[in-house]
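Numbering (our numbering), first residue to last: 159 to 227. Just so you know, even glycine gets a beta-carbon here, dropped at the ideal spot from N, CA and C. Since we're looking at a predicted model, the values are computed, not measured. For reference, the structure discussed in these notes is given below.
As structure tokens, this is what we get:
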């Protein structure tokens, strides 16, 4: 289920994603897919913009490190 976030003046998308998702790889890209108009805004976002924070789809990348077999 997606979450909605309303920006505060000066927020940045990478900070919002880091705060909400942590260090999850690909978070910014997936949020931009759900909110294509964000790409037209400045890096420091204006206040009162609603952003949809989707559940991230995690892909298993080949060649990853295996701790156990």
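Residue range of the unbroken alpha helix (DSSP H) whose run includes residue 177: Locating residue 177 in the chain shown gives position 19, where the first residue counts as 1. Boundaries of the alpha helix (DSSP H) around residue 177: 171 to 179.
Cα-Cα separation between residue 170 and residue 159, rounded to whole angstroms: For the purposes of this step, residue 170 is taken as the residue at position 12 of the chain shown. For the purposes of this step, residue 159 is taken as the residue at position 1 of the chain shown. Straight-line Cα distance between these residues: approximately 22 Å.
Burial state of residue 210, where buried means 16 or more other Cβ atoms lie within 10 Å: Mapped onto the chain shown, residue 210 falls at position 52. With fewer than 16 Cβ atoms within 10 Å of its Cβ, residue 210 is classed as exposed.
beta-carbon residue 194 near the ligand PLP non-hydrogen atom, thresh 7 Å: Ligands displayed in this structure: none; no statement on the ligand PLP is therefore possible.
Enclosing alpha helix (DSSP H) for residue 190 [first to last residue]: As a working mapping, residue 190 is identified with position 32 in the chain shown. Bounds of the alpha helix (DSSP H) holding residue 190 are 185 to 192.
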